[in-house]
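Which chain is which? The protein sequence lines are A and B, in order. With UniProt numbering applied, the first sequence covers 1 to 122. With UniProt numbering applied, the second sequence covers 1 to 122. Ideal Cβ placement from N, Cα and C applies to all residues, glycine included. In this text, all values refer to a predicted model and were calculated from it rather than measured experimentally.
Number of protein chains: 2
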Amino acid sequence: MPQGPDFNVLTATCPSRTSLARIANKWTAMVVIALSGGRMRFRDLRTTVDGISAKVLTETLRDLERDGLVARHVYAEMPPRVEYELTPLGRTLHTPLQALGRWAEEHITEVLAARETYDGRR
Amino acid sequence: MPQGPDFNVLTATCPSRTSLARIANKWTAMVVIALSGGRMRFRDLRTTVDGISAKVLTETLRDLERDGLVARHVYAEMPPRVEYELTPLGRTLHTPLQALGRWAEEHITEVLAARETYDGRR
DNA sequence: CAGTATCCTATCGGATACTG
DNA sequence: CAGTATCCGATAGGATACTG
C-alpha cells in the first residue's frame, strides 16, 4: 500500500510541524470541541469557549479556515450573521482533540495532586 | 456510576483548563511522542525533538514533571547522566498526543493545499 | 452582530556564556 | 553532560475604541 513522502513532526523542517503547531494548541482544541455540535455563530462561540477574546477567536478561526478545517458562512443580513462549522477534514480532528480535552478533565485531580507534591517538596 | 465534580475545559475558571494548556502544546506533544519509546537522556531528547533549544526542553520537562507526567532519574556519575521517562499517568497521554502528531503527518498535504487556496484567492 | 484597529503587557523562545 | 543565567527579539493575547 503506497504512501506519499513520509512526513515526521519530529523533524524541524518538516511541513507537518507547522500543522502540529496549529492543532496542538489550547484555543484550537476548545474551538474544535465547541464546533463539534454543529454550526455556530461567532457570538455563541465566544460564550461557549468561555473567556476567549474576540481577537483570539477571530485569529483562531481564520487560521483554522486557512488550513481547511473550518468553513465560514456569511449571511447578508442586518444585523450580520456569520456561522462557522467544521469541514470534513476538520471533523477528523475532533476525536483526537476531544480526547485531549477529556484527558484534562478526567485527570485534573491527579495533576493537581502532582503539582502539590512537586511544589511542596522544595 | 458516580463521578467526581464535573470538570469542563470550556469553562474559563475550571482547573482542567490549566492542564489542557500544558498538554495541548506542540513541544509537549513532541516530547511525549519522543519519550514513548522509553527512557531517554536529555541530550538524546534534544536530538530526537529536532530544533528544540536546551531552554525550552528544560522548561517543558520541568512542567511535565510537575504535572506528574514525566519522571526524572539522576545518576551521580561524571559526566552526569539524567534520564527522563513517562510516568504511568504520562503514558495515558501518549495515545491522544501520538494521534495528533499522526494527524499532522497524514493530512499535511491537504492542509498545504488549503493554505494555497486560501492565500491565493485574495 | 461581527468583526477590525490600536496599544500594550506577558510569555515564548532563541543565542550565548558559564557551572557542577 | 546537563543543565542554569542572562539578554533580547518575536509572538501571544488582553483591553478598549471604533465600523459596516
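Beta-carbon contacts of residue 89 of chain A that lie in its chain and below 7 Å, excluding the five residues immediately before and after: 68, 69
For residue 72 of chain B and residue 103 of chain A, the rounded distance between their alpha carbons: 22 Å
Residue 67 of chain B at chain A interface by Cβ criterion, 8 Å: yes
Residue of B/56, B/83, B/14, B/16 minimising C-alpha distance to residue 37 of chain B: B/83
Closer than 8 Å to chain A by CB, residue 107 of chain B: yes
Residues of the segment 29-54 of chain A with Cβ closer than 8 Å to any Cβ of chain B, in chain order: 29, 30, 33, 34, 48, 49, 50, 51
Assigned secondary structure, residue 21 of chain A (DSSP; H/G/I helix, E/B strand, else coil): helix
Short CB-CB distance (under 8 Å) between residue 11 of chain A and chain B: yes
Where the segment 110-121 of chain A meets chain B: residues whose CB sits under 7 Å from a CB there: 110, 111, 112, 114, 115, 118
Min CB distance residue 71 of chain B to chain A below 8 Å: no
C-alpha gap between residue 40 of chain A and residue 85 of chain A, whole angstroms: 7 Å
Where residue 78 of chain A falls: helix, strand or coil (DSSP): coil
Residue 13 of chain A versus residue 87 of chain A: straight-line alpha-carbon distance, rounded: 27 Å
CB contact flag (residue 194 of chain B, residue 105 of chain A, <8 Å): No information on residue 194 of chain B is available, as it lies outside the stretch 1 to 122 that chain B covers here.
Local Cβ density within 10 Å of residue 113 of chain A, reported as buried at 16 or more and exposed below that: exposed
Sequence ranges, beta strand (DSSP E) only - wholly within the UniProt domain "HTH hxlR-type" (14-112) of chain A, length at least 3: 70-75, 81-86
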